[in-house]
Structures are given as C-alpha cells and as structure tokens.
Amino acid sequence: MSTLAEPAPRVGPLEWVLATDHKRVAARTFALAFVFFIASGVLALLMRSELAQPGLQIMSTDTYNQLFTMHGSGMVYLVVTPLAMALGLYFVPLQVGAADVAAPRLASLGFWLYAGGGLTMYSGFLTAGGAGKAGWTAFYPLSGEQASPGTGMDMWIVGVVCAVAGMLLVAAMILLTLIRHRAPQMSITRIPPFCWTMFFTCAMTVAAFPILIVAMGLLFADRHLGPVFDTPGGPATYQHLFWFYGHPVVYVMFFPFLGVVAEVVATFSRRRLFGYPALILGLFAFTGLSMTVWAHHMFATGQVNNQYYSLTSTTLAIPAGIEYFDVIATMIGGVILLRTSMLFALGFLGLFLIGGLTGIIIGSPPLDYHVHDTYFIVAHFHYTLFGGSLMGGFAAAYYWLPKATGFLLRESLGKLNFALLFVGVNLTFFPMFLLGYDGMQRRVADYSPDAGLTTNNMLATIGAFVIALGILTFIVNVVVSMRRREPAGDDPWQGQTLEWATTSPPPRLNFAALPPIRSYAPLLDLRERRGEGG
Amino acid sequence: MAPALETNRQDFQNLFSLYMVIGVAIGVLVIATIAFVVLRYRQREGRDPRRPETLLKVLEGTWVAAIAGIVVVLLVSTFTTEDRVDAVSGDPARTVRVTGFQWGWRFSYPGTGVAITGNSERSPTLVVPAGVDVRFEITSRDVIHSFWVPELRFKRDAFPDRVSDFDLVVDPGVTTTGHCAEFCGLGHDRMDFELVSMDPARFDGWLRHRERRVGATHAVGAA
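Just so you know, the protein sequences line up as chains Z and C, in that order.
When you read off a place in the first sequence, starting at 1, and then add 18, the result is the number in my numbering.
When you read off a place in the second sequence, starting at 1, and then add 203, the result is the number in my numbering.
Here you go:
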C-alpha cells in the first residue's frame, strides 16, 4: 500500500516549470498566487498608510486609485480564486484516488494563461498612465476609452481575460476529474466533503466565468472598435454581465475553504463529518441560489427588481446555516486537538460568521441604500474573504503543506501566525463597519478631518500592519521548517481521506495501491475496523 | 399642520435595529456554541468519543426551521419598509433635479430657473423644504455617480442618459454633508455637497429670492 509507493524523484528547475503533473502545476499556482498575495498585500499596506490620517501624505489620488484597483483585482483574480483552484488541482485527484487530473496539459495551459494574465495586469504600472484605475469591477462608462484612456486599462482587461480563462480551464479539468476519474469504488455518496465543495465551485466557475470573458471582450471592443455599452441601458447591462460572474465568484472563493475547514474540523475532532447528506444538499442549494443573486450589487441603481434579489440573497442564510450546523456538530462528542490548522478552521467559522451576518443586512435594499459603496461593504467582504477564505487557506496550508512537502510546519510559530492574523483581521476590518456607517465612502484617498473618521482609520491601519506581521510569521515558519525538515510521515494527523494513504509528497502517479473505499472517510473506516476508535 | 411624514432615516433605523438584534443574537449564539463545544471536548485521556446523532438531527431540523422563520420575518419587514422607501408620491411638494458630473453636482428646481452648481473645489448646497415629500430626479452627465446623504441613510446612483426618481422627507433643521458614493475617477473623494433643510415657508422665501437673482442675471444678460 502506501509504504510501497516510491518517493517523488527530485526534479530540476526546468522540469518543475514544464511538468504537467497536477501536483506540480498546483504547486506553481500556489507559489505564484502567494507572490501576487504579497504584492497585492503591499498595495493594501500603502493604501492603509495613506488613510491613517486625513490629508494626502504619501501619494497622489491618481496613484491611490491604481493601488486600490490593483489590490482588489490582484486579490480576486490572481490570489484567492487561483488559491482555491490550486487546492482543488492538488488534492481532488488525491482524494478521489486518481493518478492525475483529467487532461493535465490543459490544466497546465490554465496555469500559464493565469501567469501571463497576472503579469500583464501588473505590468500596467510600467505604462505612462499607470495601471488600471477603474476599480476591480471596471464599471462602464468609467472604464471606457473617454474616462480611462491609456494602455494600463487595456492591459488590465487583457490580464483579467487571461487569468480568468486560465482558472476556467483548471476548474473544468477538476470537474472532469471528479466526474470521470474517481477510483472505481468511489460512488457519489463516498466523495469526500472537500471534493464536493470543489465540484460545486467548478460548476459555478464553468457557468459564470465565461460571462466575464464576454464582458471584458465587449469592453475592449467598446474602447477600440466603437460603441457597445454607450446606450441608455449599456452601463446597467455591463453591471449585469459583470455581477453574473461577480457573485458566483464570491462563492468560488468560499466553498473550497469551507471544504477544507470541514475536513480539518473532522480530522482534529477525531470524528466523522456530521450530516454529510445535508451538507452536500446545502451546497447544492447554495450553488443554485448563487446564480440568482447577482443584482443585489445593484440595489442602489434603481434599475433592478430589488425585492427578487433580496429574496434570493436572504434565502442563502438557510444553506449557510446548514453548513455551520454540520461543521459545529462534527466536534460534538469528539476529541478536539487544537493544532494550528484547527485554530485557523475555528477562526474561519467565527470571522466568516460576521461576514455572513452582515451580508444578510446588506441583502436588504433599504439597509443597503445607506451602506452600499461604503466602508461597511469593504468590512463585510474582507470578513468573508480574509476572515473566511484566507483563514481557511491557512488552515489548508498547515494541514496539507506537510503532505505536499514531506515536512511539518512548526506549531509554535503557527500559533503565533494564527494569533497575529486573528487580532489583525479584527483590528483592521471591524472599524471599517463603523467608518462606512458613519459616512465614509469606498475608494477614497482622503477624508475630511471633521467627519469623525480619524480614530477608526488609524485603528484599521495599525491592524493592517499586524496582519503583515502575521504573514511574515508564516513565511518565517515555512523557511525555518524547511531547514529543519521534521518528517511528516504519510499521515501526521490521522487523516480520513485518501491523500493520507500515500507518501508525503505523493509519487508521480499518486498511489501504488488504494485502500478499500467504503465511505467518504475511508481511512477512518480502516482505523475503526482495526479498533483504534475514530 | 398635518402629522409628520415618516422620514427615510426613521424607516432605516427601525429596520436596521431589527436586523442588528437578530444578527447579534445569532452571532453570539453560534460563537458561544463553538466556544462551549471546543472547551467541552478538548482532548482528554481515555475519553470514548460518542456523538448523540439522533438528538443532533432533531436539533439541525429545528435550527433550519428557525432560520427559515427568521428569513421570512426579515423579508416581510424589508419588503414593507422598501415599499415605503421606494414609493414616489403622485403629488410631491417640490421637485429637485440632480445631475452628477466629473466632479460635482448640479441641483435645479424645475419651473423656477434656479440651479445651484458646485464642484470638488467648491461644494454646492442643496436646499430642500423640511417635513414634506421632495421628489428627486437624478441623472449623470458622464460616468456613474451616486448621491449619498449618510444623515438620511439613503443613496441612489446617477446613470448617464437615464433619469431615476425617488422621494425623500427631510427632518427640519438638517445641515449635513453628502458624498458621491460610486467611484467616478480622480475627483471622487472630493465630490461632496451640503444639504440644508428649511421649513417650507422659509424655503419658499429662499427660492423666490434665488429666482429674482436668476431673473436679474437674465435681465442683465439681455441688456
């Protein structure tokens, strides 16, 4: 079985770059997404430095506009979506007992499109007029040729198209793997929870991402060929196309991390996930609803049926409640080990909750009329994206990096990493709720010293640097652990799914032999049968 | 005098309080449950892990039903409030035409020739009668802007080539700052305006005064 698997052969740099093994393509994606994460995070630190006090201290408004555009675009298109896809690309084939992803060359092409797109988008900074500066949403007519002339904006559009198309390819291949390449014994009720979250993630990706590519193509045509959106209904049409991508992508950036958290909580409670069928059906409902809520981003336009979108958006609370119940109930009666990845999973539950509950508030049009396009929204989606997705991402890093590298990360540094991020996220983003409510609109480089916004802005800025310290701790942890190389072994956590039944790192074709698969937690079954408890 | 009309601010506050009470209650419940479960089931030597499956299934059903009930309550309150907030009167006491542009606002009072324009250097002042229905017709001259008055808890986007209507009732004695909330380029952060409410009689006086000044300007222009 796993002990028979040969360790991965050492590979040279060229092979590392050109290989099509799903694990190597995923590793490249992780590495690049992390680079873009640092870059986009540095932009955020610059923005927070500017906003620490009223007045313009360190940059011009024009620079600030480029920074927030590239921060948001970077994080959404180049960081969190690719991280979600990289997790799927690495662990879906392992969890379903497949030797590789379906059509690995296409998945590899997806990576290269993403890499090219990201570099193109960031290269906008090198052009005379600077990078894109119409926000990550690039609403028309602001993103049109007249209001935003210049190559930077064009490079932004091309970058978005490439990055999104790349991730679309990766998602399609993960979906195909899940449908066609599962081990023979893995019937659909034996698919592990993380794989289910990836299934729905990729389904949303395949449905929604092409629409953004179309919207970007039309925007490019409008800028260079002649009017496309320049009609009375054009600007609203652009927003519909954009948010038809833009809302599902929010769950593309959420589901995989929810899946990670479900697995981490089950593993570190030594229990089987509670309510598997309810959780999957809940995800199904979530996915269906996610395609119907997009215009809740447009309540303030006065051009959509607000009550319909309010209905579908508020209904999302029901599947979300199911997910929360199942994950929390998994811990009941368990034996909980507070390892670093478990701490991050718990952090995810607490922080995403704040993001989710405030999401219900802004799903109500009369309430959204006040807080839309303010820092309240900024706070809300950072609680979901940083408090949720990235906390889940760190849970995944501490849980799965040992599988991918063969060595363990330091627990002490990991706990410091968690504490700094947890404090930093709250210190940065909680004051933003108050800022938005008190009258601070989004996307401003400056605010009035008399508006009572100064203290909360200062707190948020301090918080941002605490977050930076937390990220630094993670980097130090990886470097230190890499030098110590404390071996992880095949299964350091008593994992429940198939990736723990092979070596760390797994061999080229993943498995020498597979254990029997009788449920969505095959390794837990084995332990239970051997009487080790579970 | 007729009974005071409900202002948007009051509507907002009532609905917001409901959402906050429910949101905070659920937030505290969930976080307290997580904390309790984690503390209760921290690793202990020799505990045999057991889970009350049936009890939990019943609890899950109850929890989902409770959320569904809350969703219904929230939606009904939202819809009732929104019907009031979005309603446009057939007979507004005054109409103001709002035009956003890069980077400023123009407020005009149809039928009077009075228009007040200001930009990011010198913000304009929007004067409205207090306690009565004021109709706003909002549009934009270039990109999308958004007319936001935090004090009134309301905003509406201004789209080019489109007019959007809404009514607001402003309390007496309001002097406050409004902003453009939709990112619109370089001057977005300074695209502010002042809003002042006057009781209707004083407002009429103010408007007549401005009208005479417009007339005078026109007369001078004609001469």
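All residues carry an ideal CB built from backbone N, CA and C; glycine is no exception.
Straight-line measurement puts the Cα of H242(Z) at about 49 Å from the Cα of W409(C). Within the region 285-304 of chain Z, the residues whose Cβ lies closer than 8 Å to any Cβ of chain C are, in chain order, S287, R288, R289, F292, G293 and A296. Between the region 433-443 of chain Z and the region 40-50 of chain Z there are fewer than three inter-stretch CB-CB distances shorter than 8 Å, so the stretches are not counted as touching. Using a C-beta cut-off of 8 Å, the region 506-522 of chain Z makes no contact with the region 78-97 of chain Z, since fewer than three inter-stretch Cβ pairs fall below that distance. For the pair G153(Z) and G170(Z), the CB atoms are not nearer than the 8 Å cut-off. For S326(C), not one C-beta of chain Z is nearer than 8 Å to its own C-beta. M500(Z) is classed as exposed because its beta carbon has fewer than 16 other beta carbons within 10 Å across all chains shown. At a cut-off of 8 Å between beta carbons, V283(Z) makes no contact with chain C.
In terms of CA proximity to F292(Z), R253(C) leads the group F386(C), R253(C), G230(C) and F215(C). Around the beta-carbon of L144(Z), fewer than 16 other beta-carbon atoms lie within 10 Å, marking it exposed.
Spatial neighbours of V182(Z) in its own chain (CB-CB distance under 7 Å, excluding positions within 5 residues in sequence) are listed in chain order as Y95, F227, L230 and I231. W308(C) is bridged by DSSP to G303(C) and G321(C). Under the three-state reduction of DSSP, E504(Z) is assigned to coil, being neither helix nor strand.
Residue state for A51(Z) is assigned as helix, using DSSP reduced to three classes. Our two residues, I535(Z) and V110(Z), have alpha carbons roughly 15 Å apart in a direct line. No Cβ of chain Z is located within less than 8 Å of the beta carbon of D370(C). Annotation: F54(Z) to P540(Z) spans about 36 Å, alpha carbon to alpha carbon.
Here DSSP, grouped into helix, strand and coil, assigns M401(C) to strand. Counting only the Cα atoms, L131(Z) lies some 10 Å from V188(Z).
A distance below 8 Å separates the beta carbons of I354(Z) and F286(Z). Flagged as an interface residue toward chain C: I340(Z), by a C-beta distance shorter than 8 Å.
Excluding its 5 nearest sequence neighbours in each direction, W511(Z) has C-beta neighbours in its own chain below 6 Å: T285, listed in chain order. A straight-line Cα-Cα distance of about 17 Å links Q257(Z) and W174(Z).
For the region 376-397 of chain Z, residues whose beta-carbon sits nearer than 7 Å to a beta-carbon of chain C comprise I378, I379, S382, P383, P384, L385, Y387, H388, H390, D391 and T392. Within the DSSP bridge table, the entry for R526(Z) names no partner. In terms of CA proximity to D118(Z), L196(Z) leads the group L196(Z), E281(Z) and L186(Z). In summary, I493(Z) is exposed, with fewer than 16 beta-carbon neighbours lying within 10 Å of its beta-carbon over all protein chains present. Under the DSSP assignment, D386(Z) falls in the alpha helix (DSSP H) whose first and last residues are P383 to V389. Counting along the chain, H382(C) sits inside the beta strand (DSSP E) bounded by residues T378 to C383.
When DSSP states are grouped into helix, strand and coil, P363(C) belongs to the strand group. Assignment of alpha helix (DSSP H) within the region 325-381 of chain Z, counting only whole runs of 4 or more residues, yields 335-349 and 358-380 in chain order.
CA-CA distance, G272(C) to T333(Z), rounds to 11 Å.
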